[in-house]
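Colleague: First the structure, then my questions, so here it is.
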Amino acid sequence: MKALVYHGNKDLRVEEVLEPETQQGQVKLAVDFCGICATDIEEYLYGPVFISGDAPNPVTGKMMPLVTGHEITGTVIEIAPGVSNISIGDRVALNGVLTCEKCYWCKSGETTQCPDMAAVGFAIDGGLAERIVWRADRLVRLPDEVNSKDAALIEPTSVAIHAVRRSGASDDDTVAIIGVGTVGMLAMQAAKGRGAKALAVDPRQISLDLAAELGADATINPLTENLSERISELTDGVGPDIVIDAAGSSETTALSVDLVRSGGHVVLVAIYTSTPTFDFNSLVASEVRVSGSLAYQQKDVEEAVRLIAEGKIKTRQLISDIISLDQVIDTGFKRMLAPTKDVFRILVSPNLG
């Protein structure tokens, strides 16, 4: 079968690989769509970061070359013994995170902290391929109300929902989102779904226009407006209760702490490509809490499917293009890397054509 294979830093190749075989408890999917994510771009530019390069992954035994891609929807075409919850022909989304289910964190419901956590497309062959096998108990069946194209963004929606859940946002809160790319845009909608007031902050006008269309209570362009003054106006001089940093840089983290109200909560959801510097005295003085948010849990995936089905989170507007597997490198990655990037998510349809 054809797949996009990661061979190392700036070395991606579309090539023929063996079709995976199912084992007990697994199903095989024909991949309908797989999104190209900012993490894929970072792995391409700076990696191997999450993909094992020098030695096999201690949990899965896999290392590069590895089939990449982790935002996956597909149709079930084969079922192995031991599967009862999924049928041939079901359209499904993946919970692409596997955990041991035995450690302290798994038993406490904090599965994202499992020391043996392994993610599809990084520790196991991913979905930028014609076929993928995956554990049946890590699949969520798609209802008729959710088409496979919209469902391709269930993975980043789950990431956003997890971040908003960790923030504790409620209908009494004002939440500012720094960086309304795909995850930021989805976090904005998830915060609105909890009844919070949502403020979108981004230097790209295309992002702010879409944020307004998707329900942001206010949008702020720091290149054309005084950000601190505008935030103060919108929060009666207090500051947001919660700031979600979906951009992930030293500057945006410091900005988040500066903007949030004293005693407020900053949630960091982006992956940093360099080690940030930060003045921790500002946290001490203002009693601001800072939390990280990594990936998602099964309940976040299930909630993502439900909210998309109910129309409370909209993903269609975030799909900028659909391309074939042969176009991933020259079209998909090239557009995502453009200095004047005008895209949110590019979906790959491995079986297109």
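To convert, take the position in the sequence shown, counting from 1, and add 108; that gives our numbering.
No residue lacks a Cβ here, since even glycine has one placed at the ideal position from N, Cα and C.
(1) Tell me which same chain residues have a C-beta within less than 7 Å of the C-beta of Ile232, skipping the five on either side of it?
(2) Measure how close the beta-carbons of Val139 and Leu247 come, nearest whole angstrom, since I'm counting them as under 8 Å.
(3) Measuring CB atoms only, is the region 386 to 395 touching the region 414 to 422, in the sense that at least three cross pairs come out at less than 8 Å?
(4) Taking its Cβ as the centre, do 16 or more other Cβ atoms sit within 10 Å of Gln131, making it buried, or is it exposed?
(5) Could you pull the start and end residues of the alpha helix (DSSP H) that Val267 belongs to?
(6) Since I believe Thr290 is in contact with Phe452 (beta carbons under 8 Å), could you give me their beta-carbon distance rounded to a whole number of angstroms?
(7) Do you know whose CA, among Leu236, Val272, Val228, lies nearest Gly143's CA?
(8) Count Cβ pairs between the region 365 to 385 and the region 185 to 202 that sit closer than 8 Å; are there 3 or more?
(9) Could you tell me the alpha carbon to alpha carbon distance between Glu337 and Val288, rounded to whole angstroms?
(10) Out of Leu335, Leu331, Met293, Phe230, which one is the CA nearest neighbour of Ala355?
(11) For Glu209, which of helix, strand or coil comes out of DSSP?
(12) How far does the alpha helix (DSSP H) with Thr147 in it extend, from its first residue to its last?
(13) In three-state DSSP terms, what is Ile314?
(14) At the level of alpha carbons, what is the spacing between Lys118 and Ile437?
(15) Please classify Val392: does DSSP put it in a helix, a strand, or coil?
(16) At a Cβ threshold of 8 Å, is Lys110 touching chain C?
(17) Kindly list the residues whose CB is nearer than 6 Å to the CB of Ser358, restricted to its own chain and excluding five residues on each side of it in sequence; keep chain order.
(18) Taking the alpha-carbon positions, what's the Thr265 to Ala259 distance?
(19) Taking the Cβ atom as the reference point for each residue, do Val283 and Lys305 lie within a distance shorter than 8 Å?
(20) Tell me whether Glu418 sits in a helix, a strand or coil according to DSSP, three-state version.
(21) Between Glu179 and the ligand GTP, is the CB less than 7 Å from at least one heavy atom?
(22) Assuming the contact rule is C-beta atoms closer than 8 Å, Ala299 and Ala277 should be a hit. Round their C-beta distance to whole Å, please.
(23) Measure the C-alpha to C-alpha separation of Asp148 and Arg369 and round it to an integer number of angstroms.
(24) State the DSSP-derived secondary structure class of Asp245, mapped to helix, strand or coil.
(25) If you follow the beta strand (DSSP E) that Thr220 is in, where does it begin and where does it stop?
(26) What is the C-beta distance between Ile196 and Val409, in whole angstroms, given that I count them as a contact (C-beta under 8 Å)?
(27) What are the uninterrupted segments assigned as beta strand (DSSP E) that are 3 or more residues long and contained completely in the region 320 to 381, given in chain order?
(28) Among the candidates Phe141, Ala324, Pro330, whose CA atom is the shortest distance from the CA of Glu238?
(29) Since Arg397 is in the beta strand (DSSP E), which residue starts that stretch and which ends it?
(30) Since Ile350 and Asp281 should fall inside the 8 Å C-beta cutoff, what is the C-beta to C-beta distance between them, to a whole number of angstroms?
(31) Measure the alpha-carbon distance for Val205 versus Lys449 and round it to whole angstroms.
(32) For Arg302, does the three-state DSSP call read helix, strand or coil?
(33) CB-CB under 6 Å to Glu127, same chain, minus the five flanking residues each way: which ones, in chain order?
(34) Going by the CB atoms, is the gap between Val122 and Asp429 shorter than 8 Å?
(35) Run through DSSP, which three-state label would Asp258 get?
(36) Name the two residues that bound the continuous alpha helix (DSSP H) containing Lys442.
Modeller: With the structure as the only source:
(1) Residue numbering aside, residue 232 sits at position 124 when the sequence shown is read from its first letter. Result list for Ile232: Thr168, Lys170, Ala226, in chain order.
(2) The residue labelled residue 139 in the question sits at position 31 within the sequence shown. The residue labelled residue 247 in the question sits at position 139 within the sequence shown. Actually they do not touch by this definition, with Cβ atoms about 13 Å apart.
(3) no
(4) In the sequence shown, the residue the question calls residue 131 occupies position 23. Exposed, since its Cβ has fewer than 16 Cβ neighbours within 10 Å.
(5) Walking along the sequence shown from the start, residue 267 turns up at place 159. Looking at the DSSP string, the run of the alpha helix (DSSP H) that includes Val267 is 262 to 275.
(6) Residue mapping note: residue 452 aligns to position 344 of the sequence shown, counting from 1. Residue mapping note: residue 290 aligns to position 182 of the sequence shown, counting from 1. Going by Cβ atoms, the distance from Phe452 to Thr290 rounds to 5 Å, so yes, they are a contact pair.
(7) One-based indexing of the sequence shown puts residue 143 at position 35. Among Leu236, Val272, Val228, the Cα nearest to that of Gly143 is on Leu236.
(8) no
(9) Numbered from 1 along the sequence shown, position 229 holds the residue referred to as residue 337. Numbered from 1 along the sequence shown, position 180 holds the residue referred to as residue 288. In a straight line, the C-alpha of Glu337 is about 20 Å away from that of Val288.
(10) Within the sequence shown, the letter at position 247 stands for residue 355. Of the candidates Leu335, Leu331, Met293, Phe230, the one whose C-alpha sits nearest the C-alpha of Ala355 is Met293.
(11) In the sequence shown, counting from the first residue as 1, residue 209 sits at position 101. Of the three classes helix, strand and coil, the one that applies to Glu209 here is coil, per DSSP.
(12) As a working note, residue 147 is residue 39 in the sequence shown. Looking at the DSSP string, the run of the alpha helix (DSSP H) that includes Thr147 is 146 to 154.
(13) In the sequence shown, residue 314 corresponds to position 206, counting from 1. Ile314 falls in the helix class under three-state DSSP.
(14) Looking up residue 118 in the sequence shown gives position 10. Looking up residue 437 in the sequence shown gives position 329. So the two alpha carbons sit approximately 10 Å from each other.
(15) Indexing the sequence shown from 1 puts residue 392 at position 284. In this structure, Val392 counts as helix in the three-state DSSP scheme.
(16) No chain C is present in this structure, which holds just one protein chain.
(17) Here residue 358 is taken as the residue at index 250 of the sequence shown, counted from 1. Excluding positions up to five away in sequence, the list reads Pro384, Thr385.
(18) Residue numbering aside, residue 265 sits at position 157 when the sequence shown is read from its first letter. Residue numbering aside, residue 259 sits at position 151 when the sequence shown is read from its first letter. Their Cα atoms are separated by approximately 9 Å.
(19) Position 175 of the sequence shown, counting from 1, holds the residue named residue 283. Position 197 of the sequence shown, counting from 1, holds the residue named residue 305. Yes, these two residues count as a Cβ contact at 8 Å.
(20) Numbered from its first residue, the sequence shown carries residue 418 at position 310. It is coil, neither helix nor strand.
(21) Absence of the ligand GTP is noted for the structure shown, with no ligands found whatsoever.
(22) Walking along the sequence shown from the start, residue 299 turns up at place 191. Walking along the sequence shown from the start, residue 277 turns up at place 169. Ala299 to Ala277, Cβ: 5 Å. Contact.
(23) By one-based count along the sequence shown, residue 148 stands at place 40. By one-based count along the sequence shown, residue 369 stands at place 261. Those two C-alpha atoms are separated by around 34 Å.
(24) Taking the sequence shown and counting its residues from 1, the one referred to as residue 245 is at position 137. The answer is helix: DSSP assigns Asp245 an H, G or I state.
(25) Position 112 of the sequence shown, counted from the first residue, corresponds to residue 220. Careful: Thr220 lies outside any beta strand (DSSP E) and carries neither H nor E.
(26) Numbered from 1 along the sequence shown, position 88 holds the residue referred to as residue 196. Numbered from 1 along the sequence shown, position 301 holds the residue referred to as residue 409. Their Cβ separation, rounded to whole angstroms, is 22 Å, which puts Ile196 and Val409 out of contact at 8 Å.
(27) 326 to 328, 350 to 353, 373 to 376
(28) Indexing the sequence shown from 1 puts residue 238 at position 130. Residue Phe141 is the option with its Cα nearest to Glu238.
(29) Start at 1 with the first residue of the sequence shown, and residue 397 comes out as number 289. Looking at the DSSP string, the run of the beta strand (DSSP E) that includes Arg397 is 397 to 400.
(30) Indexing the sequence shown from 1 puts residue 350 at position 242. Indexing the sequence shown from 1 puts residue 281 at position 173. That belief holds up - the Cβ atoms of Ile350 and Asp281 are roughly 6 Å apart, short of 8 Å.
(31) Working through the sequence shown from its first residue, we reach residue 205 at position 97. Working through the sequence shown from its first residue, we reach residue 449 at position 341. Val205 and Lys449: Cα-Cα distance of roughly 29 Å.
(32) Position 194 of the sequence shown, counted from the first residue, corresponds to residue 302. In the structure shown, Arg302 sits in coil (DSSP, three-state: anything other than H, G, I, E or B).
(33) The residue labelled residue 127 in the question sits at position 19 within the sequence shown. Excluding residues within five positions, the ones whose Cβ falls inside 6 Å are Met109, Arg239.
(34) Counting from 1 along the sequence shown, the entry for residue 429 is found at position 321. Counting from 1 along the sequence shown, the entry for residue 122 is found at position 14. Their beta carbons are not under 8 Å apart, which means Asp429 does not touch Val122 by this criterion.
(35) The sequence position of residue 258 within the sequence shown is 150, counting from 1. Three-state DSSP puts Asp258 in a helix.
(36) For the purposes of this step, residue 442 is taken as residue 334 along the sequence shown, with counting starting at 1. Here the alpha helix (DSSP H) through Lys442 covers 442 to 445.
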